[in-house]
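Protein chains: 4
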Amino acid sequence: MLLEIDFNSNSPIYKQIRDQIIIGIAEGLLKKDENLPSVRQLSTRLGINMHTVNKAYKMLEQEGWIGINKKRGTFINTQFGGNKDVFLEKFEENIKPLLAEAEILNIKKETVLECIDKIMLNWGE
Amino acid sequence: MLLEIDFNSNSPIYKQIRDQIIIGIAEGLLKKDENLPSVRQLSTRLGINMHTVNKAYKMLEQEGWIGINKKRGTFINTQFGGNKDVFLEKFEENIKPLLAEAEILNIKKETVLECIDKIMLNWGE
Amino acid sequence: MLLEIDFNSNSPIYKQIRDQIIIGIAEGLLKKDENLPSVRQLSTRLGINMHTVNKAYKMLEQEGWIGINKKRGTFINTQFGGNKDVFLEKFEENIKPLLAEAEILNIKKETVLECIDKIMLNWGE
Amino acid sequence: MLLEIDFNSNSPIYKQIRDQIIIGIAEGLLKKDENLPSVRQLSTRLGINMHTVNKAYKMLEQEGWIGINKKRGTFINTQFGGNKDVFLEKFEENIKPLLAEAEILNIKKETVLECIDKIMLNWGE
DNA sequence: GTGGTCTAGACCACG
DNA sequence: GTGGTCTAGACCACA
């Protein structure tokens, strides 16, 4: 999978890495049990600091998306222990101000839903 | 309108204020042309520094949601010049990793849409 | 002459009044010796504070463009004592960053000169 | 490049910094992609507060002259997205009262143009 | 070590 | 009394 960093983004680099890996899992580009590149490899390839990649991996491990151990390296987990209610709370908190903007800008709900459809089109199931 | 700050949130205070005011506009709690409290009033009421409120107001002015001038004080704009395409791009960028998480957690699309419905229920029109 | 205030401008109101009166003189809309409206009249007409008009008039008097006395009221001076070198210094200081912007934006010098021609077209001489 | 602050100027310090950097770009003293000193370095060198420099940098970033990111620090942009029409409007608005003064003071148009020539002499191309 | 955020307090410009 | 500017110093996020 190709990771790309936008150095001009407001989003910190470690967050970009974390997001793209999660999107990669959802898209099926990263299979369960598949190994991720080592911290050193990825940081070299992206031209960024090792600490930054490390931070992204730690965050993913902490959230339960990946496992890290010395023997196997870093790999996508087969089971995800995420709590749906916790997720929905986070989801609402993040999306509410965005939907408010849409409302004020007179963007139709259908347009918003189309956008969501487009994103989820090729995923999973 | 009642503004509430969560001092434990990861979201910076000025961003919380900015978001809540936009939500307030969408919900109709803040009418167009209505005045916002002065920087000093609001900072005192919320128990935070003047400059933090000022930063939120500047951000809102910059984004075109409110106007600031000495004669009228700070007030909700009547016209919003936001570009829909720019918005949709931002929207997609923000929502994509969230939807990816939902996908991985096997949260049904209907659940996500219900969440959106719930938020937009009492807005606008 | 019609004075118009833009309450959304970054330029303070007293400065807008001062500028427009000077432009009025240059355009010949305000003749030498002509009386200006009283502070009270003008502030009422523009819907602004008396102090603001007063500040503009004081500034104009200070710079030598107008005279103020109880008997005659406020009137355009017949002779202007401005120093050309002082003016040119101020002019350079103000226009230099603007010309720098033009340079960086690849705006041709001719375009800038045309803009100046357009402004001065109907003035004086 | 040497930045100099006039503490007696009416122009706020952050504006002086902003103007001088733009002039520096136009003069070629600051090359595209070149890094600017860090907020702390520059504030120490100029004997002013960090936040004041920060404000100038933010303004420059906002206007598209420079980029700020953690990886590269602060640097001159290579492409400038400024809109020419927007610029010309601002230019006219700023220069009109100055030209009016020149007109009233009987300063010849040639003198004004010479002043502009002198400023632009060593720039660009 | 860098910029981001927040606090605190001061003075000034403006209306 | 309002926002604008500046200073000073602190802690944190990021790389």
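Chains as they are written, first to last, in the working numbering: chain A, 1 to 125; chain B, 126 to 250; chain C, 251 to 375; chain D, 376 to 500. Cβ atoms here follow ideal geometry from the backbone N, Cα and C, with glycine treated the same way.
Query - chain A residues whose Cβ lies nearer than 7 Å to that of Asn444(D) - result: Phe7, Asn8
Report task. Give, in chain order, every unbroken run of the alpha helix (DSSP H) that is at least 4 residues long and sits entirely within the stretch 172 to 224 of chain B. Result -> 175 to 187
Query raised in the report: Between the C-alpha atoms of Asn69(A) and Asn35(A), what's the straight-line distance to the nearest angstrom?
Result: 11 Å
Query raised in the report: So, using beta-carbon positions, are Ile369(C) and Ile479(D) closer together than 8 Å?
Result: no
Query raised in the report: Hey, would you say Trp373(C) sits closer than 8 Å to Glu254(C), going by beta carbons?
Result: no
Requested in this report: Count the CB pairs spanning the stretch 131 to 150 of chain B and the stretch 96 to 103 of chain A that are closer than 8 Å, and state whether there are at least three.
Outcome: yes
**Report entry** 8 Å Cβ cutoff, Lys234(B) in contact with chain A
**Finding:** yes
Report task. Give me the Cα-Cα distance between Lys156(B) and Glu114(A), rounded to the nearest whole angstrom. Result -> 29 Å
Query - Best match in Leu338(C), Lys358(C), Lys305(C), Ala350(C) for proximity to Glu485(D) [C-alpha to C-alpha] - result: Leu338(C)
Query raised in the report: Quick one, which residues of the stretch 39 to 57 of chain A are near chain B if we go by CB-CB under 7 Å, in chain order?
Result: none
Report task. Pick out whichever of Leu435(D), Ile482(D), Phe466(D), Phe382(D) has its Cα sitting closest to the Cα of Ile451(D). Result -> Leu435(D)
Query raised in the report: Per DSSP, which one or two residues make a beta bridge with Asn122(A)?
Result: Answer by DSSP bridge pairing: none, since Asn122(A) is not bridged.
**Report entry** Outcome for Ser9(A) when other beta-carbon atoms lying within 10 angstroms are tallied against a minimum of 16
**Finding:** exposed
Requested in this report: Tell me, please, whether the CB atom of Gly332(C) is closer than 8 Å to any CB atom in chain D?
Outcome: yes
**Report entry** CB contact below 8 Å: Pro472(D) versus chain C
**Finding:** yes
Query raised in the report: Could one say the Cβ of Phe216(B) lies closer than 8 Å to chain A's Cβ atoms, at least one of them?
Result: yes
Query - Closer than 7 Å at the beta carbon, the chain A residues around Ile142(B) - result: Residues of chain A passing the Cβ test: none, with the nearest at roughly 11 Å.
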